[in-house]
Each structure stands twice: as structure tokens, then as C-alpha cells.
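One structure is given below, encoded as C-alpha cells.
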Amino acid sequence: MKTLVIIPTYNELDNVRKLIPYILEKYPELNILVVDDNSPDGTSDFVKELSEKDDRVFLIKREKKSGLGTAYVEGFKFMLKNGYDAVIQMDADFSHDPDEIKNFLEKIKDYDLVIGSRYINGVRVINWPISRLMLSYFANVYTRVITCMPVKDATGGFKCFRREVLQSIDLDKIKSNGYSFQIEMNFHAWKKNFKITEIPITFADRVQGTSKMSRKIVREAVFMVWKLRFQSLFGLKN
């Protein structure tokens, strides 16, 4: 499969300097798209320079910080326009282990959506305070109960989609960010009867940079699950 890796960034220069060359060396068949929200630390300048030397690297530079969900939507549109068969979404901060990409590439041969799960085969999270771990774990329990979606880690951001899934979703209607974006995309794929599987990943908290988590992101996710439940009950479609 022709596969694209999408990495959204904001002030991730130190991380992308290590991550992008590592992925390209380990998986020379992959292409990488960085969607940068005009990082003041020069992230986009580094990626632009790299893209001029290596035709496997692409950059979308946005005018301002516009959020994770809209970054992925722009990346998905790029993927569809440029004829990729599959897309992997991942963070820039090494919380998603690039060595695990090979597992997604293998599973996507048989499934439409492969979700990297922190909550199958036990809890696989490193260096999170217990308060954040409990918030994440029970947010996923809450999501399963309200939406009835059979996914143990609906909020995780390390995933692989086939193009058919993204073609079936009206991406212009996806406005959510953070946790709620992940939930919403999974939900639409599930309701459209695509084949979904979860594979175990180990999630390590970022070493460099600062977390993008906020109360607004958490609140958005709390209300998103009810929105999706009502859409399902009343037959509303995306």
C-alpha cells in the first residue's frame, strides 16, 4: 500500500529533527506529511528544508494554531487528493513509538481502521501521573457506555485508516479537536460498518515540549459522545 504518515506539530522542532529521519530510515517506503500551525520555534522551516532534499517529505504550514482535529482533516484531504491507499496518524513527541508502525502496516492489510490501544492486554502507559491515567481510562469507559462503540481506546491518536474510510466521511463536517476528534472519527468508521481492530501499543509521556491537553479539550469530549449517541439514535449521518 502507498502509505502516508501525518504528524501535526506546534513547537516540535527538537522532536521532528529526530523523528522524521528515523521513520524515513526505518520505513523508506513511507511518505511523511507535517501539518504545522506556524510554530514560532522553526519547526516548519526545518521540515520545508528537509522536503526540498527528500521527495518523501511534505509540509502544510497553517497561518495560526488551529487544533489537532483540523490539522488531521487537512492531512486526510492531502492523502486522498494524492492517491494514498492508507494513512497513519501519530504524534511528534515520541509518545507514539515509531518502531510500532510496522504493526499497523501489517494489520491494515486486513482491516479498514487499526487503532493503537493503551488499554488492551493491560494498561500500557509510561510516566503519566495517576490522575491523568485515571482520567484517560475512565473517559474511554464513559465513551463505550454512552456510544456503545466496542473500542477500548477510543481517545488514542496512534491509528491507521484505509482511504475508503476517509472517503466515506464528510471531512468538512468534522470540527472537533483533541480527544473528541479521535472519538468522532472512530465512531463514524464503526457506524459505517468498516472493519476495526485494536493492537496493543505502549504510550510514553512526552520527554520534550509541553502537553497540548486542556480543560476545553476534555469538555468537548464529554459532550461529543452524547452528540454521537443522538446522531445514532435519530439516524443522522456524516
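This note's numbering runs 234 ahead of the 1-based position in the sequence shown. Ideal Cβ placement from N, Cα and C applies to all residues, glycine included.
If I follow the unbroken alpha helix (DSSP H) through residue i, where does it start and stop?
| i | result |
| --- | --- |
| F428 | Note, F428: premise wrong, no alpha helix (DSSP H); not H, not E. |
| L302 | L302 to K315 |
| V375 | I364 to T381 |
| I335 | I335 to K341 |
| T277 | T277 to K287 |
State the Cα-Cα distance for the pair residue i and residue j, rounded to the nearest angstrom.
| i | j | result |
| --- | --- | --- |
| K341 | V348 | 7 Å |
| E432 | N420 | 11 Å |
| E398 | S273 | 32 Å |
| S414 | K295 | 23 Å |
| I266 | G412 | 21 Å |
| D331 | F437 | 7 Å |
| L253 | N316 | 23 Å |
| E308 | D344 | 26 Å |
| W362 | E286 | 37 Å |
| V250 | E259 | 14 Å |
| S300 | V269 | 11 Å |
| K461 | R378 | 14 Å |
| K336 | I240 | 15 Å |
| F395 | V321 | 5 Å |
| M313 | V357 | 32 Å |
| K311 | A326 | 20 Å |
Does residue i pass the burial test, meaning 16 or more other C-beta atoms within 10 Å, or should it be called exposed?
| i | result |
| --- | --- |
| K393 | buried |
| N427 | exposed |
| E454 | buried |
| I364 | exposed |
| D406 | exposed |
| Y318 | buried |
| D271 | buried |
| M235 | exposed |
| P262 | exposed |
| Q401 | exposed |
| D346 | buried |
| N355 | exposed |
Shorter than 7 Å, the distance from the beta carbon of residue i to the closest heavy atom of the ligand MG, or not?
| i | result |
| --- | --- |
| V456 | You won't find the ligand MG in this model; it holds no ligand whatsoever. |
Beta-carbon within less than 8 Å of residue i's beta-carbon, same chain only, minus the 5 sequence neighbours each way: which residues are those?
| i | result |
| --- | --- |
| L247 | S273, D275, G276, T277 and F280 |
| I257 | V239, L264, I266, P332 and I335 |
| E297 | N272 |
For residue i, which residues in the same chain have their Cβ closer than 7 Å to its Cβ, ignoring the five residues on either side in sequence?
| i | result |
| --- | --- |
| Y353 | Y371, N374, K386 and D387 |
| Q416 | A388, T389, G390 and G391 |
| V359 | R352, L367 and F437 |
| L293 | V268, D270, S278, V281, K282 and S285 |
| P242 | V269, L302, A305 and Y306 |
| S329 | F437, A438, D439 and R440 |
Along the chain, where does the beta strand (DSSP E) that runs through residue i open and close?
| i | result |
| --- | --- |
| K409 | It is not in any beta strand (DSSP E) - K409 carries neither H nor E in the DSSP assignment. |
| F292 | V291 to K295 |
| S351 | L347 to S351 |
| V357 | That residue, V357, is in no beta strand (DSSP E); it is neither H nor E in DSSP. |
| V269 | N265 to D270 |
Suppose the cutoff is 6 Å on Cβ atoms and the five residues either side in sequence are ignored; what does the same chain contact list for residue i look like?
| i | result |
| --- | --- |
| E334 | I435 |
| M383 | F421 and W424 |
| I380 | V459 and R463 |
Taking DSSP's pairing of strands, which residues face residue i in a bridge?
| i | result |
| --- | --- |
| V321 | L238 and F395 |
| N185 | This structure leaves residue 185 out entirely; the chain is present only between 235 and 472. |
| A438 | I360 |
Does any residue of chain C have a CB that is nearer than 8 Å to the CB of residue i?
| i | result |
| --- | --- |
| I364 | Among the protein chains of the structure shown there is no chain C, as only one such chain exists. |
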